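Residue numbers (the numbering used here): 10 to 143. Right, one structure below, let's go through it.
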Amino acid sequence: MPYLKGQLLKLLVDYFEEDYRRIQHAVSVLRYAESIMETFEGHDPDVVIAAALLHDVGIKPSEQELGYNNGRTQERYGPAVVRSLLGGIGFPESKLQKVADIVGNHHSPSRYDYPELEILKQADRIVNRLEAAR
10 MPYLKGQLLK LLVDYFEEDY RRIQHAVSVL RYAESIMETF EGHDPDVVIA AALLHDVGIK
70 PSEQELGYNN GRTQERYGPA VVRSLLGGIG FPESKLQKVA DIVGNHHSPS RYDYPELEIL
130 KQADRIVNRL EAAR
């Protein structure tokens with residue numbers, strides 16, 4: 010999809026509004042995912058980019074509805090948000106479902122054997138460790 014990264018960055022910023030910490034985290038995960046992606050075969054770059062930028066969108070509804078978030082609640086709320094956001098930009102349905110699956114499983118032992126999920130998990134782990142070291 011042409012201009013996908015720009016479209017997704019706009020979605021991310023519009024969605025998280027002034028939650029700059031979440032926006033920066035997602036952009037950092039994307040940066041690492043793009044590097045890691047070079048070492049993997051059989052992946053879809055559009056899925057990696059979308060999953061990297063949108064992997065934590067479940068945080069917002071979790072905090073609004075429950076007053077907190079954790080890995081489990083992110084996985085519970087995230088896929089519906091992904092479907093709504095990506096559906097709004099005409100993201101292909103076949104890819105959209107894979108991104109939703111990844112977002113719904115990025116904190117759990119994998120139920121899916123997607124290289125894109127492994128790329129996201131590695132990138133998110135790196136960024137989380139760097140953020141924890143600050």
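Every residue gets a Cβ at the ideal spot worked out from N, C-alpha and C, and that includes glycine. Small disclaimer: the values here were computed from a predicted structure and weren't measured.
| Item | Value |
| --- | --- |
| Three Cβ pairs or more, each shorter than 8 Å: is that satisfied between the segment 32 to 47 and the segment 123 to 143? | yes |
| Taking 8 Å as the threshold (C-beta atoms), are His116 and Gln83 in contact? | yes |
| Write down the C-beta distance between Leu94 and Tyr24 rounded to the nearest angstrom, noting that I regard them as a contact closer than 8 Å. | 7 Å |
| According to DSSP, is Ala141 part of a helix, a strand, or is it coil? | helix |
| His34 lies in the alpha helix (DSSP H); which residues open and close that run? | 29 to 46 |
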